[in-house]
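Worksheet: the structure to be examined is printed underneath.
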Amino acid sequence: MPPSQLLLLALVSALLLLWRPAGAAEHAVGGDGINGWDTGTNYATWSQAQSFAAGDVLVFEYVKSQHNVYEVTEAAYRSCDATAPADVLATYDSGFDRVVLPETNRTYWFICQVPNHCIGGMKLAVTVPGASTAAVPSPSPSAAAASRGSWTASSGGLLLLALAVAHVLLVNPAG
Ligand SMILES: *[C@@H]1O[C@H](CO)[C@@H](O)[C@H](O)[C@H]1NC(C)=O
Ligand SMILES: [Cu+2]
1127 MPPSQLLLLA
1137 LVSALLLLWR
1147 PAGAAEHAVG
1157 GDGINGWDTG
1167 TNYATWSQAQ
1177 SFAAGDVLVF
1187 EYVKSQHNVY
1197 EVTEAAYRSC
1207 DATAPADVLA
1217 TYDSGFDRVV
1227 LPETNRTYWF
1237 ICQVPNHCIG
1247 GMKLAVTVPG
1257 ASTAAVPSPS
1267 PSAAAASRGS
1277 WTASSGGLLL
1287 LALAVAHVLL
1297 VNPAG
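Just so we're on the same page, my numbering is the position in the sequence shown counted from 1, plus 1126.
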């Protein structure tokens, strides 16, 4: 194989290795496994170690008969009292619940509503930061998703560039 073709092969291989699909990250709450959402985990610590973006997905995994997931207001999160229907924004109880975080600049509040579990620490606050530039007042989730896809877009540009370079090398082989 001529050197120019080897170079082309190397370039394309490198780009394929760098290629990553754009898209939402998934966060396994409390770590992987069936006990990710339970009473023995510090969710403040877990949450601080994560970086959330609009469109990301929280995955709550737990023993279905033992726990549940209530998305609640901040007040209900702080008091661990979600008895008022107005404090409950959404409920999940499948044991494998996928919850999308659609908006930037927003904190989402979750508790387990089984008696005493929230008081025992089974509560999670997740903040999706706002846009870093003040020039964009309130980006839509789709705009945020598009900006997360920029790496893939630039990869596509790099691939075109590499193909152009390879084409020149193949038409005018140096070796
Ligand atoms: C973020 O939210 C707060 C309160 O909800 C609001 O005052 C602020 O203007 C928002 N910032 C952006 C960048 O949207
Ligand atoms: Cu629970």
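For glycine and all other residues, C-beta sits at the position ideal for the given N, C-alpha and C. In this text the structure is predicted, and so the values were computed from the model without any measurement.
Per-residue DSSP class, three states only, for Glu-1152 = strand
According to DSSP, residues forming a beta bridge with Thr-1253 | Thr-1233
By the 10 Å Cβ neighbour count, where 16 or more other Cβ atoms means buried, how is Thr-1230 classified, buried or exposed?
-> buried
So Trp-1172 packs on Glu-1187, CB below 8 Å; how close in whole Å?
-> At roughly 13 Å, the Cβ-Cβ gap does not stay under 8 Å, so Trp-1172 and Glu-1187 are not in contact.
Buried versus exposed, by CB contacts within 10 Å (16 or more), Gln-1239 | buried
Going by the C-beta, is Cys-1238 closer than 8 Å to any heavy atom of ligand 2?
-> yes
With a 10 Å radius around its C-beta and 16 neighbouring C-beta atoms as the bar for buried, classify Asp-1182 as buried or exposed.
-> buried
Could you pull the start and end residues of the alpha helix (DSSP H) that Tyr-1169 belongs to?
-> 1169 to 1174
Beta bridge counterpart(s) of Thr-1085 as assigned by DSSP = Nothing about residue 1085 can be reported from this structure: the residues present for the chain run from 1127 to 1301 only.
Contact set for Gln-1176: own chain, Cβ-Cβ below 7 Å, skip 5 residues either direction = His-1153
What separation, rounded to the nearest whole angstrom, lies between the Cα atoms of Gly-1157 and Gly-1166?
-> 12 Å
Lys-1249 burial status per 10 Å Cβ neighbour count (16 or more: buried) | buried
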